[in-house]
Structures are given as structure tokens and as C-alpha cells.
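What follows is one structure encoded as C-alpha cells, with my remarks underneath.
In the numbering used here, the protein residues as written are 292 to 453.
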């Protein structure tokens with residue numbers, strides 16, 4: 292594994308992660324989608340499923356079309372039928388390295404809190420992202436983002452990607 296030490300490149304990776312979290316914390320689903328490459332994918336699973344080799348996820352958007360569907364569902368289909376909440380992401384970069392295919396392999400720890408409509412805040416999930424990041428037209432984008440939760444059962448249903 293060839294660890295990335297270039298501070299400029301690490302700052303660009305951090306900026307992409309922050310843009311991702313910023314969009315979700317503002318419930319800006321088009322902004323979330325803009326963080327993905329044209330061939331991007333997103334998966335939300337648990338550490339238990341990963342450990343057991345189970346290909347089971349809570350969310351699986353395996354192509355850009357499904358990412359766009361997720362935006363439509365959150366903004367239109369679920370707009371008036373689910374109890375929306377305010378997410379808040381805390382991120383901590385763990386490792387960035389070059390993958391064999393020239394993409395950036397990044398691991399970032401996350402904690403996601405939520406505040407419900409009554410103003411009560413609680414921890415929604417902790418875990419880490421396993422990302423593959425590519426340069427698309429001069430901008431870094433997620434080719435693949437896998438959110439791995441430490442626990443298999445969050446305290447409430449999840450509307451927004453983590």
C-alpha cells in the first residue's frame with residue numbers, strides 16, 4: 292500500500308469528505324449526488340455483515356442512476372410520509388493510499404448524530420467509510436463510497452445516506 296502524504300492531495304480528499312457531509316447535514320440531496328463520479332456507487336452496511344462476508348446492506352445504490360433515484364425518493368416520494376430529522380456528521384480521516392488501479396483509497400471514521408422534530412438529539416451511527424476516489428474533470432469524486440456502521444441496528448430508521 293502506497294500511503295499518500297502529499298498535503299495538497301490530502302486537503303482535496305478532506306474537502307470532498309466535507310462537501311459530502313455538508314450536503315447531508317443540510318439535507319441537500321443534489322449536493323450529495325454531486326460528490327459522486329458519473330459511475331459512482333453508495334452502500335450502507337454493518338461491520339457484522341462485512342465480518343461475516345454477507346453481501347447485505349441497508350442501502351445499495353450500485354450505479355449513478357440509483358443514486359439519482361435516492362435523491363428523488365428523499366426529496367419527493369418520502370417528503371411528506373416520513374419523520375425527517377436533522378443529521379450532523381463528524382469526520383476524522385484515517386488513511387489515504389493509492390489503490391492498484393490509480394484511484395485513491397480512503398478510510399474515514401464517522402459519527403452521525405440526529406435531532407428529531409421535538410429537538411431531541413442522539414447518536415444515530417458510528418463507523419467508517421471505505422472510499423475509492425477518482426479525478427473526474429479535475430475534481431475529486433467518489434467512485435465508490437461504502438459506509439460501514441459499527442452496529443447492525445441503528446436507534447431509528449435511516450432516511451439519508453450516512
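C-beta atoms are modelled at their ideal positions from N, C-alpha and C, and glycine is treated no differently.
All of these numbers come straight from a predicted model, not from anything done at the bench.
Inset, instruction - Any chance you could list the beta strand (DSSP E) runs of at least 3 consecutive residues sitting entirely within the segment 303-358, in chain order? - result: 327-337 and 350-352
Legend entry - Terminal residues of the beta strand (DSSP E) in which residue 375 lies: Counting from one through the chain shown, the residue named residue 375 turns up at place 84. Per DSSP, residue 375 belongs to no beta strand (DSSP E) and is neither H nor E.
Inset, instruction - Over the uninterrupted beta strand (DSSP E) stretch that includes residue 440, give me the two end residues. - result: The residue given as residue 440 occupies position 149 in the chain shown. Here the beta strand (DSSP E) through residue 440 covers 430-440.
Inset, instruction - Give me the Cβ distance between residue 303 and residue 431, rounded to the nearest whole Å; I'm assuming they're in contact under 8 Å. - result: Numbered from its first residue, the chain shown carries residue 303 at position 12. Numbered from its first residue, the chain shown carries residue 431 at position 140. At roughly 5 Å, the Cβ-Cβ gap stays under 8 Å, so residue 303 and residue 431 are in contact.
Inset, instruction - Using only alpha-carbon positions, find the residue among 420, 337, 296 and 297 that is nearest to residue 381. - result: In the chain shown, counting from the first residue as 1, residue 381 sits at position 90. It is 420 whose Cα lies nearest to the Cα of residue 381.
Inset, instruction - List the whole-angstrom C-beta distance separating residue 332 from residue 435, where the pair is believed to meet the contact cut-off of C-beta under 8 Å. - result: Against the chain shown, residue 332 aligns to sequence position 41. Against the chain shown, residue 435 aligns to sequence position 144. The Cβ separation is near 5 Å, so the contact holds.
Inset, instruction - Helix, strand or coil for residue 409, going by three-state DSSP, please let me know. - result: The residue labelled residue 409 in the question sits at position 118 within the chain shown. Residue state, collapsed to three classes: coil.
Inset, instruction - May I ask you to report which of helix, strand or coil DSSP gives residue 299? - result: Counted from its first residue, the chain shown places residue 299 at position 8. Residue state, collapsed to three classes: helix.
Legend entry - Helix, strand or coil at residue 360 according to DSSP, with G and I counted as helix: Numbered from its first residue, the chain shown carries residue 360 at position 69. Of the three classes helix, strand and coil, the one that applies to residue 360 here is helix, per DSSP.
Inset, instruction - Return helix, strand or coil for residue 444, following the three-state DSSP convention. - result: Taking the first residue of the chain shown as 1, we reach residue 444 at position 153. It is coil, neither helix nor strand.
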